[in-house]
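For reference, the structure discussed in these notes is given below.
Chains as they are written, first to last, in the UniProt record's numbering: chain L, 1 to 254; chain R, 1 to 254.
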């Protein structure tokens, strides 16, 4: 993928706030080329305000009169549209479209077209595209805000580059080594002993208490430090509590 | 996944416009439960304006005083944060976190916490979470707008449910059957004949013209109607053009 060869094209955006929000959405995802086709108001302080720290993207934005001018030098053009579009045309969701766009960006300029806030791209504009992109939405409300749609598409492009930077396993990169089975077994012995001592576990009628606790602690995937903390608690508990005499208690009850 | 058991929790949002944009982002992705912890201004006409057709989500939003009240009945709590968070804690990107949230939503209430516009969730709030969620961003600008972050997370949840509704192959659901190889070969014969007739292809020195045209048309995956159109063009071309006499031309050149 070559992000420098991917441009976002807004066709006749009417709210300058959206243009600013688009600039921010792009920059947070590592894209910088914005082309505006006949924007209603631009530049505008609403755009500047919504762009926050992406004003460089706004300032570098190219303003053109026609879609032709926006995509003349492009090798691959993608048009965003609603799913119930009338044209039968190749269409993909943002995830799969991102792969196509990334691939094509290595071979030429790629344009991603977003239509007007109120009624999107025209059929004539959609027919200029190599591929259509539809964002899956709820049946109850299918109209995303313009900048939100841009954010999702840019996010998918960025995920292609950095999706694997974050751990796939939530515990990857954990700062302590996992507790060994040997130490975990010692912990269970210590736990059982302590629970018996404080009168919570009756050795003569243990029920399923230890299996339940094993299932709980085993799911945790404890690290050595956590295990040491738990053992420290058990040790302190044992020191502070008078051992329950289960034999006497049984006699008393009988 | 049970979307009715997933709530979006905004902790101390300061801009009512963002609350409205969040409501719209949620509804377009099929979510409806919004909880606001001590919002600065709510209800507010900015929120109403930005929600557009998601005012039902705003009207049903629950306003509470504390994070405790927002998540008391939840079984699984996810906190969004920047990647350079100080806490070592289980963390996933939105795609992988969505799987965890969807799974847990079948077993209990799930809360997804989004922090303040200016400085996110506090460490204390993050420590209330089972899982952290970080959206991969550009190093140059890592701060997404609040509603944009909500949009991405809700989009990933929605993609889990409907990601496969759109064709995986961009040409799936095409309205015409693919042209058969038999018909495509007839087309190539017709094409070669026509190109020869109009003087574009010299049968004695064809170079790589036909292989190049084959590569081009084969990539298209033409349907029968398209093939018929092309053959119609060839037929008309043949009718209208005087055949080039390649033998005579060769003599003339020699």
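All C-beta atoms in this analysis are idealised placements derived from N, C-alpha and C, irrespective of residue type, glycine included.
### Endpoints, alpha helix (DSSP H) assigned at residue 180 (chain L)
Residue mapping note: residue 180 (chain L) aligns to position 180 of the first chain, counting from 1. For residue 180 (chain L), there is no enclosing alpha helix (DSSP H), as DSSP marks it with neither H nor E.
### Query
Using CA coordinates, which residue listed in L:219, L:33, L:162 and L:228 is at the minimum distance from residue 71 (chain L)?
By one-based count along the first chain, residue 71 (chain L) stands at place 71. With distances taken between Cα atoms, residue 71 (chain L) lies closest to L:33.
### Message
Excluding the 5 residues flanking residue 68 (chain L) on each side, which residues of the same chain have their C-beta closer than 8 Å to its C-beta?
### Response
As a working mapping, residue 68 (chain L) is identified with position 68 in the first chain. There are no such residues.
### Task
Check the Cβ of residue 141 (chain R) against every Cβ in chain L and list those closer than 7 Å, keeping chain order.
Here residue 141 (chain R) corresponds to residue number 141 of the second chain, with the count starting at 1. Here the neighbours are 27, 28, 53 and 54.
### Message
According to DSSP, simplified to helix, strand and coil, what is residue 73 (chain L)?
### Response
One-based indexing of the first chain puts residue 73 (chain L) at position 73. If DSSP states are grouped into helix, strand and coil, residue 73 (chain L) belongs with coil.
### Message
Only counting the same chain, and skipping five residues up and downstream in sequence, which positions put a Cβ closer than 6 Å to that of residue 111 (chain R)?
### Response
Sequence index remark: in the second chain, residue 111 (chain R) carries index 111 (1-based). If we look at residue 111 (chain R) and ignore the five residues flanking it on each side, its Cβ neighbours are 7, 9, 71, 74 and 77.
### Message
With a threshold of 8 Å between beta carbons, is residue 80 (chain R) in contact with chain L?
### Response
The count along the second chain starts at 1 and reaches residue 80 (chain R) at position 80. It does not; no Cβ of chain L falls within 8 Å.
### Task
Measuring alpha carbon to alpha carbon, tell me which of R:130, R:181, R:200 and R:212 ends up nearest residue 224 (chain R).
What you label residue 224 (chain R) is simply residue 224 of the second chain in a count that begins at 1. Looking at the Cα atoms, R:181 is the closest of the given residues.
### Task
Find the residues of chain R that neighbour residue 222 (chain L), judging by a C-beta separation of less than 9 Å, and give them in chain order.
Along the first chain, one-based indexing puts residue 222 (chain L) at 222. Those within 9 Å of residue 222 (chain L) in chain R number zero; the least Cβ separation is about 13 Å.
### Query
So what does residue 108 (chain R) bridge to, in DSSP terms?
Here residue 108 (chain R) refers to the residue found at position 108 when the second chain is read from its first residue. According to DSSP, residue 108 (chain R) bridges with nothing at all.
### Task
Throw me the rounded Cβ distance for the residue 62 (chain R) and residue 35 (chain R) pair, which I believe falls under 8 Å.
The residue given as residue 62 (chain R) occupies position 62 in the second chain. The residue given as residue 35 (chain R) occupies position 35 in the second chain. Going by Cβ atoms, the distance from residue 62 (chain R) to residue 35 (chain R) rounds to 5 Å, so yes, they are a contact pair.
### Query
What residue does the alpha helix (DSSP H) around residue 233 (chain R) start on, and which one ends it?
The residue given as residue 233 (chain R) occupies position 233 in the second chain. Run containing residue 233 (chain R): 224-240, per the alpha helix (DSSP H) assignment.
### Task
Would you kindly work out how many angstroms separate the C-alpha atoms of residue 137 (chain R) and residue 157 (chain L), rounded to a whole number?
For the purposes of this step, residue 137 (chain R) is identified with residue 137 of the second chain, where counting begins at 1. For the purposes of this step, residue 157 (chain L) is identified with residue 157 of the first chain, where counting begins at 1. Computed Cα separation, rounded: 11 Å.
### Alpha-carbon spacing of residue 49 (chain L) relative to residue 64 (chain L), whole angstroms
Residue 49 (chain L) sits at position 49 when you count from the first residue of the first chain. Residue 64 (chain L) sits at position 64 when you count from the first residue of the first chain. When rounded, the distance between both Cα atoms is 22 Å.
### Query
Below 8 Å between beta carbons: does that hold for residue 3 (chain L) and residue 39 (chain L)?
Your numbering for residue 3 (chain L) matches position 3 in the first chain. Your numbering for residue 39 (chain L) matches position 39 in the first chain. No, Cβ-Cβ distance for residue 3 (chain L) and residue 39 (chain L) is not below 8 Å.
### Query
Using the C-alpha atoms, what's the distance from residue 135 (chain L) back to residue 149 (chain L)?
In the first chain, the residue the question calls residue 149 (chain L) occupies position 149. In the first chain, the residue the question calls residue 135 (chain L) occupies position 135. Going by the C-alpha atoms only, they are around 8 Å apart.
### Query
Does residue 254 (chain L) get closer than 8 Å to chain R when you measure Cβ to Cβ?
Numbered from its first residue, the first chain carries residue 254 (chain L) at position 254. With a pLDDT of only 42 at residue 254 (chain L), under the threshold of 50, the placement of this residue in the model should not be trusted; the figure read from the coordinates follows. False, the Cβ-Cβ gap to chain R never drops below 8 Å.
### Task
Rounded to whole angstroms, what's the CA-CA distance from residue 240 (chain L) to residue 189 (chain L)? Just pull it up for me.
For the purposes of this step, residue 240 (chain L) is taken as the residue at position 240 of the first chain. For the purposes of this step, residue 189 (chain L) is taken as the residue at position 189 of the first chain. Their Cα atoms are separated by approximately 19 Å.
### Query
Exposed or buried, residue 108 (chain R), counting other C-beta atoms within 10 Å across all chains shown (16 or more means buried)?
If you number the second chain from 1, residue 108 (chain R) lands on position 108. Exposed, because fewer than 16 other Cβ atoms sit within 10 Å of the Cβ of residue 108 (chain R).
### Task
Return the CA-CA distance between residue 254 (chain L) and residue 248 (chain L), expressed in angstroms with no decimal places.
By one-based count along the first chain, residue 254 (chain L) stands at place 254. By one-based count along the first chain, residue 248 (chain L) stands at place 248. Residue placement at residue 254 (chain L) cannot be trusted, given a pLDDT of 42 that sits under 50; the coordinates are not used to answer.
### Query
Listing by chain order, which chain L residues have their CB less than 7 Å from the CB of residue 145 (chain R)?
To locate residue 145 (chain R), count along the second chain from 1; it is residue 145. Chain L residues near residue 145 (chain R): 21 and 24.
### Under 7 Å from the C-beta of residue 148 (chain L): neighbouring residues of chain R
Translated into positions along the first chain, residue 148 (chain L) becomes position 148. Within chain R, the residues near residue 148 (chain L) are 25, 148 and 151.
### Residues that residue 188 (chain L) contacts on chain R, provided the C-beta gap is smaller than 8 Å
The residue given as residue 188 (chain L) occupies position 188 in the first chain. Contact annotation for residue 188 (chain L) against chain R: no contact, minimum CB-CB distance about 24 Å [criterion: below 8 Å].
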